[in-house]
Ligand code: 3LM
């Protein structure tokens, strides 16, 4: 499929298999755990990798394969491996490329469970991780050790929306032969393509925008054929964070409206950020779509738009923040993001409670921070709801 097509078209057609049985328009759901061999010799050939074909859904499934092809096409990369959760993608990708004695450079602020995986779990296996402020290029360079193998980040950062320079990271990783891994969950391939900056592996929590309907947990890692095969044949096959074909099928359905949804999410987030920034009870708004945000300079360069997530702090600290969160009606109090419903949550006590308060401070995640995932409702209703809640505090 030509890459010259516009994003709305690519979301519906890129990487799509056209020859489905019985001429089915949409991808059939192959809800099967195993696949029948014609005879013993064929089974043996498939296990030996001498013949293409499916064996068992943990190793591959046609519905899952279509999701992988579609997301790889959108990212402009060769291949993908879909996983049971976003954390399945994070852990399978990283563990496939490091061993005891290796070192990782990671962004000091990342999604809470990613932080735990990097800081506590990998330590058990003798992998060392340095957490750095990735807006500071010198700090990245200084963190490198002779045994550094991989660099990991997400941009914009969950939950404080810091933007990291992918061009620098891509160049740095190539120069020192590090595997570069970027979590692209917040922007999706429509608004940011890390591969354009030489990033090796791109991760998504497909739970979020790719699926978009709040009814699936899933993940995906995208990269070149060699690295993705390595993940599939090692950490994915043998640790087993395989996606369910039914979840893959739901995400395939969600993908068709990704362009439309991202546009509305971003339009709404932009309006909400501008509204909050002017409010006297609001201390600070973190959203790269605001001219005052340090990440604004990347808009139109590294990232097409700023996406649907923003964070802010209100005057009066944590207690006022808590009262505010309890006072909203349309903004539903729940973690996760990228759904049709607008969601509100408190990172310090929820998504990022996996950091100690000291670690959070070092990571630049303040205890008063409130995170919003703007949904697809009418923005006037969303702003009115914020207005009412702000009046109550
Ligand atoms: C959240 N985030 O509310 P799953 N990468 C990023 C993420 O934001 C997430 C993952 C990976 C949230 C989940 S908190 C209990 C709920 C940037 C998840 C992990 O394994 O699919 O949840 O993805 O910020």
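Numbering (the working numbering), first residue to last: 582 to 974.
Glycine included, C-beta positions come from ideal geometry on N, C-alpha and C.
Cα-Cα separation between residue i and residue j, rounded to whole angstroms
i	j	result
residue 953	residue 934	17 angstroms
residue 925	residue 910	10 angstroms
residue 687	residue 601	42 angstroms
residue 970	residue 906	8 angstroms
residue 993	residue 655	There is simply no residue 993 to check, as the chain begins at 582 and stops at 974 in what is shown.
residue 635	residue 661	17 angstroms
residue 676	residue 608	31 angstroms
residue 674	residue 624	28 angstroms
residue 940	residue 646	39 angstroms
residue 895	residue 871	17 angstroms
residue 737	residue 880	11 angstroms
residue 619	residue 626	11 angstroms
residue 917	residue 717	28 angstroms
Residue i Cβ short of 7 angstroms to ligand 1 heavy atom set
i	result
residue 672	no
residue 867	no
residue 966	no
residue 936	no
residue 897	no
residue 668	yes
residue 759	no
residue 695	yes
residue 735	yes
residue 905	no
residue 920	no
residue 917	yes
residue 798	yes
residue 877	no
residue 698	no
residue 913	no
residue 645	no
residue 786	yes
Any non-hydrogen atom of ligand 2 within 7 angstroms of residue i CB
i	result
residue 739	This structure does not include ligand 2; its bound ligands are ligand 1.
Buried versus exposed, by CB contacts within 10 Å (16 or more), residue i
i	result
residue 785	buried
residue 760	buried
residue 804	buried
residue 606	exposed
residue 854	buried
residue 920	buried
residue 617	exposed
residue 730	buried
residue 956	buried
residue 724	buried
residue 944	buried
residue 834	exposed
residue 868	buried
residue 789	buried
residue 900	exposed
Bridge-paired residues (DSSP) for residue i
i	result
residue 800	664 and 786
residue 926	952
residue 679	DSSP lists no partner for residue 679.
residue 884	880
residue 637	615
residue 865	894
residue 728	Its beta-bridge partners do not exist; DSSP assigns none.
residue 711	686
Beta carbon proximity, residue i to chain E, threshold 8 angstroms
i	result
residue 799	The chain labelled as chain E is not found in the depicted structure, where only one protein chain is given.
Checklist entry - Does the count of Cβ pairs from the region 680-697 and the region 815-827 closer than 8 angstroms reach three? => result These segments do not touch.
Checklist entry - With contact counted as at least three CB pairs below 8 angstroms, one residue from each stretch, are the region 885-903 and the region 768-778 in contact? => result Contact holds: three or more Cβ-Cβ distances are below 8 angstroms.
Next on the checklist: Whether or not the region 610-629 and the region 587-594 are in contact is what I'm after, with contact meaning three or more pairs of Cβ atoms, one per stretch, closer than 8 angstroms; do they touch?
Outcome noted: With the cut-off at 8 angstroms, the region 587-594 and the region 610-629 do not touch.
Next on the checklist: Does the structure place the region 730-746 close enough to the region 863-880 that three or more beta carbon pairs sit under 8 angstroms?
Outcome noted: In this structure the region 863-880 touches the region 730-746; the number of beta carbon pairs closer than 8 angstroms is three or more.
Next on the checklist: With three or more C-beta pairs closer than 8 angstroms as the rule, is the region 825-841 touching the region 703-713?
Outcome noted: They do not touch, by the three-pair rule.
Checklist entry - Would you call the region 789-804 and the region 661-671 in contact, with 3 or more CB pairs under 8 angstroms? => result Touching, yes, given that three or more Cβ pairs across the two stretches are closer than 8 angstroms.
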